[in-house]
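A.B. asks: If you scroll down you'll find the structure; I have some questions about it.
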Amino acid sequence: MPNDEKPVLVTGGAGYIGSHTCKALAAAGYTPITYDSLCRGNAWAVRYGPLEVGDLMDGERLRDVIHKHAPIGVIHFAAFSYVGESTGDPLLYYRNNVAGTATLLRAMQVEGIKRFVFSSTCATYGTPERTPIDEDCPQRPINPYGHSKLMVEQIMRDCARAGHLDAIALRYFNAAGADAAAEIGEAHNPETHLIPLALGAAKGTCPPLTVFGDDHDTPDGTCIRDYIHVSDLSDAHVAALARTGKGPGFDALNLGTGTGVSVRDVIDMTREITGREVPHSYGPRRKGDPSALVADPSRAFATLDWKPSHSDLSNILQTAWAWMERERRMPPTTRLAQAAKGAR
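Quick note on numbering: the sequence shown equals residues 1 to 344 in UniProt numbering.
Below is the structure:
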């Protein structure tokens, strides 16, 4: 069966990473079927395959969609992901992220679908004992969001052990950047990620940036993170899907570059890319905020035969800036037309 006859169900396909993965799937010859409640996703981002609107907790709707499209597998992004929100309302996260995933897996089991790629996170490691962080680093989440993702990984292990699932969890670090053609990009509300906030501060569409701490144990005193371009993440999901289908099992892989970038580096490169100053001030360190989070992605490189090719900081910021400029100019009618096209 050629790839163009291979539909793939993408939950959360109207979100940031999900929509970019839909584009990568389509480029690889698959048909991405987006399943999204649109409570936080954007219908206009569904451009590369049909949209099915539904909630993760609606098992009957999930089974109907799976039965209708007969996907070869599922890539699961649909989840809430705000750390602060998870601390204030943990039950929201355990219902949506954990119970919702269990409902999805039951629907898959009923319909005989075993291939499963899960959007996990480095937040499952909590405050790491060492860096770079490899997959054997102890997983000790420090917030309900991280706990919810770790719980799903355990559910995946158990389902694989029971013979119901052939699954890979992808623990990624800091997703950033936008599609090279600026067709889709990051559009969170509220926005909490450093790079769009820095670009917005330079542009004047966001408040001055607050840098949380200048006294970290890092060369310039600011936090260090491993930024990976969203297009590289998308390619890794496609590669992970291709690795499934050989029988029940579970694996977990870190997705990052292995290179750390400080907040100061981001501010300096933002100034260089935009030609504008980045208004910013320094605030106190956030409780529990690790000074450095950097991946050891060597297992993913070997297992997936994949390496990041878009993730130098300059390219991340250039693509994010181009998307921000295009998004500002995109009239509402264009977004509505794109949403209608995706829903066909």
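Ideal placement from N, C-alpha and C gives every residue a C-beta, glycine not left out.
Owing to the predicted nature of the structure, the values given are computational and were not obtained by experimental measurement.
DSSP beta-bridge partners for residue 52?
C.D. replies: In DSSP, residue 52 forms a bridge with 35.
A.B. asks: Taking the C-alpha atoms as reference points, what is the distance between residue 196 and residue 188?
C.D. replies: Looking at the two C-alpha atoms, the distance is approximately 9 Å.
A.B. asks: For residue 346, is the classification buried or exposed, using 16 other Cβ atoms within 10 angstroms of its Cβ as the cut-off for buried?
C.D. replies: Residue numbering for the chain in the displayed model covers 1 to 344; residue 346 lies beyond these limits and cannot be assessed.
A.B. asks: Starting from residue 267, follow the beta strand (DSSP E) in both directions and report where the run begins and ends.
C.D. replies: Not the beta strand (DSSP E): residue 267 falls in the alpha helix (DSSP H), residues 263-274.
A.B. asks: Just to confirm my understanding: we take residue 221, look at its own chain, exclude 5 residues before and 5 after, and list those with CB closer than 7 Å. What are they?
C.D. replies: Once the five neighbours on either side are set aside, the close Cβ partners of residue 221 are 214, 215.
A.B. asks: Rank 232, 290, 31 by C-alpha distance to the C-alpha of residue 179 and give the top, closest one.
C.D. replies: Measuring from the Cα of residue 179, the nearest candidate turns out to be 232.
A.B. asks: Give the secondary structure of residue 218 by DSSP, where H, G and I count as helix, E and B as strand, and everything else as coil.
C.D. replies: If DSSP states are grouped into helix, strand and coil, residue 218 belongs with coil.
A.B. asks: Please go through the same chain and pick out, in chain order, the residues whose beta-carbon is closer than 6 Å to the beta-carbon of residue 6, but skip the five residues on each side of it.
C.D. replies: The answer, listed in chain order, is 30, 72.
A.B. asks: What would DSSP say about residue 94, mapped onto helix, strand or coil?
C.D. replies: It is helical.
A.B. asks: Answer yes or no: do residue 377 and residue 129 have a C-beta to C-beta separation smaller than 8 Å?
C.D. replies: Within the shown structure, residues of the chain are numbered from 1 to 344, placing residue 377 beyond reach of any answer.
A.B. asks: The alpha helix (DSSP H) that contains residue 101, what's its start and end?
C.D. replies: Run containing residue 101: 100-111, per the alpha helix (DSSP H) assignment.
A.B. asks: Out of 277, 91, 229, 252, which one is the CA nearest neighbour of residue 259?
C.D. replies: Of the listed residues, the one whose Cα sits closest to residue 259 is 229.
A.B. asks: Find out if the Cβ-Cβ distance for the pair residue 209, residue 279 is shorter than 8 Å.
C.D. replies: A contact, by the Cβ cut-off of 8 Å.
A.B. asks: Assuming residue 176 is part of the beta strand (DSSP E), what are its boundary residues?
C.D. replies: Note, residue 176: beta strand (DSSP E), 174-176.
A.B. asks: Roughly how many angstroms separate the alpha carbons of residue 263 and residue 28, rounded to a whole number?
C.D. replies: Those two C-alpha atoms are separated by around 35 Å.
A.B. asks: Could I get the ranges of all uninterrupted alpha helix (DSSP H) runs contained in the region 121-156, with 4 residues as the minimum, in chain order?
C.D. replies: You should have found no qualifying run.
A.B. asks: Are the Cβ atoms of residue 173 and residue 226 separated by less than 8 Å?
C.D. replies: Taking 8 Å as the Cβ cut-off, residue 173 and residue 226 qualify as a contacting pair.
A.B. asks: In its own chain, which residues sit with a C-beta less than 8 Å from the C-beta of residue 340, not counting the 5 before and 5 after it?
C.D. replies: At residue 340 the pLDDT is 44, less than 50, meaning the model places this residue with poor confidence and gives no usable figure here.
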